[in-house]
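So the sequence shown is residues 474 to 813, counted in this note's numbering. Backbone N, C-alpha and C define an ideal beta-carbon position, used for all residues, glycine too. Please read these numbers as outputs of a predicted model, since none were measured by experiment. Okay, structure first, notes after.
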Amino acid sequence: MFQMSNHFLKSINSRRIFLCVLSSVLLSSCRDHQERVVTKFPQQVSLEANSIDGTDKYQDILSVTMVADKYVCRSKGEFFYYVFDSQFQLISRIARRGHGNKEFIAPFFSGQYLQEKGREYIYLLERPQRTLYKVNIHDAMDVVPVFRFPIGKKIEPRYIFSVANKFVGANDLDDCKIFVYDRQCGECIFKEQIYTSEKRKSHELFESIASYSPSNEKLAVAFFNLPQIDIRNSNGDILNTIFIDKKSPLKEDMSDKLYFSCVCSTDKYIYALYNGYDDLEKQGKSAVLVFDWNANPIVKYIIDASSYMTVDIKKKRLVTIGEKASNSRLLSYPISNENL
């Protein structure tokens, strides 16, 4: 009986090893990607801002992200995040600051949302601990650890997305490579950044922010210090690279300028907050660049200078953190249905 059980376990382990090797091969395969330089958009629309009633008392809001029919906003208060309903009525405060049980030091919200057993969760990455948590948006004490990255894997995640049996994210070491971590066998595949070579590895130039589309199984990666967006599949392979205005050689002083500060997405489109147009910057304006998931430019929206943004499909509007808003830092901009 013992021999049969041992044989059975060996078969299971052999199969697991085979699946891990197969997974690694599939993750390592990289298809040829396409590059596109975008100098013009089919549409350019200047939008007028509206203030959002009742939000003037939340002057400590730093970011805004739409999930389902709710807004999750980063704050500077006792809790890291506020959760509002679609009317911007406060639902809860979550992720208490501190070093105690179910408290956070430096959590990051990538925009990923989960419904489970009638409960609503968001994923928070506690970067100092390399640990992903799911946090109930209605109950600050319902905090569940999902996964902790092993120290030996040399992964310091900037952001991650949970995709089936793997995690896809960006590393915070060296040149911030995209990685894919297989939860079943613990294998991690790193994906090279464009232009990266042994002679040039710039951490600052390749720092990024991303949005994941479950329906497209694609990732939109926008770079803080490069006028560039990469569209990758869920295996981390680059499908398309978008360059704004021109494809420029990398320069170390490019890290002195902020280009993209935020990216979000819907099933149809990618929305990226861009501050790389010098003429708009002089006018106190920002641009929201909209692309489809095949890297085609759709529309350029001109808005007041903003540091963060999200898109509300149901209310057909952009919601932003305005840099110079007088009454409230939260502003809304109505947009047409065709660009949602």
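Just to confirm, are residue i and residue j a CB contact at a threshold of 8 Å?
i, j, result
"Phe582", "Arg570", "no"
"Ser565", "Asp542", "no"
"Ile808", "Lys789", "yes"
"Val792", "Thr783", "yes"
"Val762", "Ala745", "Here residue 762 turns out to be Leu, not Val, going by the sequence shown. It is a contact, given that the beta carbons lie within the stated cut-off."
"Pro700", "Ile717", "yes"
"Phe514", "Pro687", "no"
"Arg705", "Ile651", "yes"
"Tyr747", "Ala760", "yes"
"Gly749", "Tyr732", "yes"
"Gly709", "Val636", "no"
"Glu665", "Asn698", "no"
Suppose the cutoff is 7 Å on Cβ atoms and the five residues either side in sequence are ignored; what does the same chain contact list for residue i look like?
i, result
"Ile567", "Phe552, Tyr554, Val556, Val608, Ile610, Ala613"
"Ser501", "Confidence is the limiting factor: at Ser501 the pLDDT is only 44, short of 50, which leaves the residue's position unreliable and the question unanswerable from this model."
"Lys719", "Val510"
"Asp526", "none"
"Ser519", "Ile775"
"Lys627", "Leu646"
Could you name the residues that DSSP lists as bridge partners for residue i?
i, result
"Asp765", "Tyr742"
"Glu690", "Answer is none; Glu690 lacks a bridge partner."
"Pro807", "Arg790"
"Gln516", "Note: Gln516 sits in no beta bridge, so no partner."
"Gly642", "Ile633, Phe652"
"Asp703", "Val694, Thr714"
"Asp785", "Arg790"
"Gly550", "For Gly550, which the question treats as bridged, DSSP gives no partner whatsoever."
"Val772", "Val763"
"Asp777", "Lys758"
"Ser565", "Val556"
"Arg600", "Per DSSP, none; premise fails for Arg600."
Using only alpha-carbon positions, find the residue among the options that is nearest to residue i.
i, options, result
"Ile682", "Val694, Glu690, Lys758", "Val694"
"Thr528", "Ser734, Lys513, Tyr544", "Tyr544"
"Asp647", "Gly659, Glu629, Glu660, Val653", "Glu629"
"Ile633", "Leu753, Glu754, Asp655", "Asp655"
"Gly625", "Cys661, Leu678, Gly584, His572", "Cys661"
"Ile715", "Glu754, Thr739, Ile667", "Ile667"
"Asn810", "Glu796, Asp785, Leu587", "Asp785"
"Lys639", "Pro601, Arg631, Val619, Gly573", "Val619"
"Arg509", "Glu589, Leu813, Trp766", "Trp766"
"Met539", "Gln585, Pro580, Arg592", "Gln585"
"Ala579", "Lys730, Tyr531, Arg592, Arg631", "Arg631"
"Leu803", "Gln507, Tyr531, Thr512", "Tyr531"
"Ser675", "Asp729, Asp703, Gln657, Val653", "Asp729"
"Cys735", "Tyr596, Leu587, Phe696, Leu597", "Phe696"
"Asp595", "Ile776, Ala643, Cys546, Ser721", "With the sequence shown as reference, residue 595 is identified as Ile, and Asp is not the correct amino acid for it. Ranking the options by Cα distance to Ile595, first place goes to Cys546."
"Ile702", "His572, Arg592, Phe764", "Phe764"
Can you list, in chain order, the residues of its chain with a C-beta nearer than 6 Å to that of residue i? Leave out the 5 residues immediately preceding and following it.
i, result
"Glu521", "none"
"Asp740", "Ser688"
"Asn523", "Ser805"
"Leu427", "Since the first and last residues shown for the chain are 474 and 813, residue 427 lies out of range."
"Ser497", "Bear in mind that a pLDDT of 47 at Ser497, under 50, signals an unreliable position, so the number given afterwards is only what the model happens to contain. Closer than 6 Å at Cβ, skipping near neighbours: Glu660."
"Gln517", "Lys773"
"Gly550", "Asp533"
"Gly757", "Ala778"
Ignore the nearest five residues each way along the sequence and tell me which others in residue i's own chain have a CB closer than 8 Å to its CB.
i, result
"Lys575", "Arg569, Ala613, Met614, Val616"
"Leu813", "Thr739, Lys741, Tyr742, Val784, Ile786, Lys789"
"Arg600", "Ala579, Pro580, Phe581, Glu629, Pro630, Arg631, Asp645"
"Val494", "Confidence in Val494 is poor, its pLDDT being 45 and thus under 50, which makes the residue's placement unreliable; the coordinate value appears in the next sentence. Hits under 8 Å: none found."
Which whole-angstrom value describes the C-beta separation of residue i and residue j, a residue pair presumed to lie in contact below a C-beta threshold of 8 Å?
i, j, result
"Glu796", "Ser780", "6 Å"
"Ser548", "Ile794", "About 12 Å; that fails the 8 Å criterion."
"Ser684", "Cys737", "5 Å"
"Phe577", "Arg603", "About 13 Å separates the two Cβ atoms, so there is no contact after all."
"Glu680", "Ser707", "The pair is not a contact, with the Cβ atoms about 22 Å apart (cut-off 8 Å)."
"Leu433", "Leu598", "This structure does not reach residue 433, given that the chain is present from 474 up to 813, and the question cannot be answered."
"Asn713", "Gln507", "5 Å"
Answer yes or no: does any C-beta atom of chain B fall closer than 8 Å to that of residue i?
i, result
"Ser780", "As a matter of chain content, chain B is missing from the structure shown, which is built from one protein chain."
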